[in-house]
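Residue numbers (our numbering): 1106 to 1365.
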């Protein structure tokens, strides 16, 4: 196993690779990064690396770096709950419009091998994601930011992008910096038949999706703390899965920020 630096304590977050000596081309995974959720990013990162049986490259999408490199310049809107609300749609561009790449929010905890998810890709689709029917009743989320409800809510929180698909070439920095949230988060550059589906267990929404203990197909493979997690003060008591993860963890991550 080989890692490049993942130290975010000095304000820098770098790509991390995991190969186990395998020479295959790594799966490319972009994770949304927000300084307010650094501990969530670290847990998401480690849960991917710990369970992956194939080479992976995990790249944080950090808004400050994109601005510095001239790839992102739009002003932050009042309804943007994270720094990656729009930067996520640069994923195909950042992957040089080649192959398949995944974007995922940082507040995910992976319980299964990411290879299983990539094994589901189908080149006939431009993107693949969980087709949630999700209309949260909460007025706020995370650390008090306003909750919004819109069609295809949470579809964009975990997306497998067919980066070489002709339709995805529209996702240039100019478009990502100028188009509306509706256009981007509802995938309005695509026809419905170009959006493939993956099982909900790969984007299991805490507080929404349910487990049937007699049906293994409902057991979560990736838990999404979409309303907030224990890295926020107001969610410090909502920690069961993170406590379990910490108890079995050998990452060296400082979990003191989880308020446990």
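Beta carbons: idealized from backbone N, C-alpha and C, even for Gly.
Between the region 1296-1309 and the region 1170-1188, are three or more C-beta pairs nearer than 8 Å?
no
Could you check what DSSP says for residue 1308 in three-state terms: helix, strand or coil?
Your numbering for residue 1308 matches position 203 in the chain shown. Looking at residue 1308 - three-state DSSP - the assignment turns out to be helix.
Helix, strand or coil for residue 1158, going by three-state DSSP, please let me know.
Translated into the one-based positions of the chain shown, residue 1158 becomes position 53. In the structure shown, residue 1158 sits in coil (DSSP, three-state: anything other than H, G, I, E or B).
The beta strand (DSSP E) with residue 1287 in it runs from where to where?
Residue 1287 sits at position 182 when you count from the first residue of the chain shown. Counting along the chain, residue 1287 falls outside any beta strand (DSSP E), though it belongs to the alpha helix (DSSP H) covering 1286-1290.
Can you give the Cα-Cα distance for residue 1187 and residue 1193, rounded to whole angstroms?
As a working mapping, residue 1187 is identified with position 82 in the chain shown. As a working mapping, residue 1193 is identified with position 88 in the chain shown. About 11 Å.
Give the single residue among 1290, 1317, 1320 and 1313 whose Cα lies nearest to the Cα of residue 1329.
As a working mapping, residue 1329 is identified with position 224 in the chain shown. It is 1313 whose Cα lies nearest to the Cα of residue 1329.
To which residues does DSSP link residue 1301 through a beta bridge?
Here residue 1301 corresponds to residue number 196 of the chain shown, with the count starting at 1. Answer is 1233.
Using only the alpha-carbon positions, how far apart do residue 1308 and residue 1173 sit?
On the chain shown, position 203 is the one that residue 1308 refers to. On the chain shown, position 68 is the one that residue 1173 refers to. Residue 1308 and residue 1173: Cα-Cα distance of roughly 31 Å.
In terms of alpha-carbon separation, which member of 1319, 1257, 1291 and 1232 lies closest to residue 1266?
Within the chain shown, the letter at position 161 stands for residue 1266. Checked all of 1319, 1257, 1291 and 1232; the closest Cα to residue 1266 is 1232.
Using only CA atoms, which one of 1269, 1171, 1170 and 1138 lies nearest to residue 1229?
The residue you call residue 1229 lines up with position 124 of the chain shown. Ranking 1269, 1171, 1170 and 1138 by Cα distance to residue 1229 puts 1269 first.
If you drop the 5 nearest sequence neighbours on each side, which residues of the same chain put their C-beta closer than 7 Å to that of residue 1175?
For this step, residue 1175 is matched to residue 70 along the chain shown. None.
Hey, how far is the Cα of residue 1324 from the Cα of residue 1155?
Residue 1324 sits at position 219 when you count from the first residue of the chain shown. Residue 1155 sits at position 50 when you count from the first residue of the chain shown. Each residue's Cα considered, the two are about 19 Å apart.
By the three-class DSSP mapping on this structure, what secondary structure does residue 1243 have?
One-based indexing of the chain shown puts residue 1243 at position 138. Unreliable positioning characterises residue 1243 in this predicted model, as indicated by a pLDDT of 48, which lies under 50. A coordinate reading is not provided.
Does DSSP put residue 1281 in a helix, in a strand, or in coil?
The residue labelled residue 1281 in the question sits at position 176 within the chain shown. If DSSP states are grouped into helix, strand and coil, residue 1281 belongs with the helices.
Can you name, in chain order, every residue of its own chain whose Cβ lies under 6 Å from the Cβ of residue 1306, other than the five neighbours on each side?
Position 201 of the chain shown holds residue 1306. The residues are 1325 and 1326.
To the nearest angstrom, report how far apart residue 1144 and residue 1283 are at their CA atoms.
For the purposes of this step, residue 1144 is taken as the residue at position 39 of the chain shown. For the purposes of this step, residue 1283 is taken as the residue at position 178 of the chain shown. Going by the C-alpha atoms only, they are around 31 Å apart.
Indicate the three-state DSSP secondary structure (helix, strand or coil) for residue 1194 in the structure shown.
Within the chain shown, the letter at position 89 stands for residue 1194. In this structure, residue 1194 counts as helix in the three-state DSSP scheme.
Below 8 Å CB to CB, which residues in the same chain sit around residue 1293 once its five sequence neighbours on both sides are set aside?
Residue numbering aside, residue 1293 sits at position 188 when the chain shown is read from its first letter. Closer than 8 Å at the Cβ level, and outside the excluded window around residue 1293, lie 1287.
Who are the Cβ neighbours of residue 1120 in its own chain at under 7 Å, not counting the five residues just before and after it?
Counting from one through the chain shown, the residue named residue 1120 turns up at place 15. Cβ within range, chain order: 1109, 1162, 1163 and 1164.
Alpha carbon to alpha carbon, how far is residue 1289 from residue 1196?
Here residue 1289 refers to the residue found at position 184 when the chain shown is read from its first residue. Here residue 1196 refers to the residue found at position 91 when the chain shown is read from its first residue. Roughly 12 Å between the two C-alpha positions.
Which residues in the same chain as residue 1218 place their Cβ atom closer than 7 Å to its Cβ, once the five residues preceding and following it in sequence are excluded?
Counted from its first residue, the chain shown places residue 1218 at position 113. Cβ neighbours of residue 1218 beyond the five flanking positions: 1156, 1157 and 1158.
With a CB to CB cut of under 6 Å and the five nearest residues on each side skipped, what residues in its chain are close to residue 1210?
Here residue 1210 refers to the residue found at position 105 when the chain shown is read from its first residue. Non-local C-beta neighbours of residue 1210 in its own chain, meaning closer than 6 Å and more than five positions away in sequence, comprise 1137 and 1262, ordered along the chain.
Hey, how far is the Cα of residue 1245 from the Cα of residue 1129?
As a first step, residue 1245 must be located in the chain shown, where it is residue number 140. As a first step, residue 1129 must be located in the chain shown, where it is residue number 24. Low per-residue confidence applies at residue 1245: pLDDT is 42, beneath 50, and the placement is therefore not dependable enough to give any value.
What is the rounded straight-line gap between the Cα of residue 1367 and the Cα of residue 1295?
No answer is possible for residue 1367: it lies beyond the span of the chain, which begins at 1106 and ends at 1365.
Using 10 angstroms around the beta-carbon of residue 1331, count the other beta-carbons present and answer buried if the total reaches 16, otherwise exposed.
Sequence index remark: in the chain shown, residue 1331 carries index 226 (1-based). Looking at its Cβ environment, which holds 16 or more other Cβ atoms inside 10 Å, residue 1331 is buried.
What three-state label does DSSP hand residue 1206 in the structure shown?
By one-based count along the chain shown, residue 1206 stands at place 101. When DSSP states are grouped into helix, strand and coil, residue 1206 belongs to the strand group.
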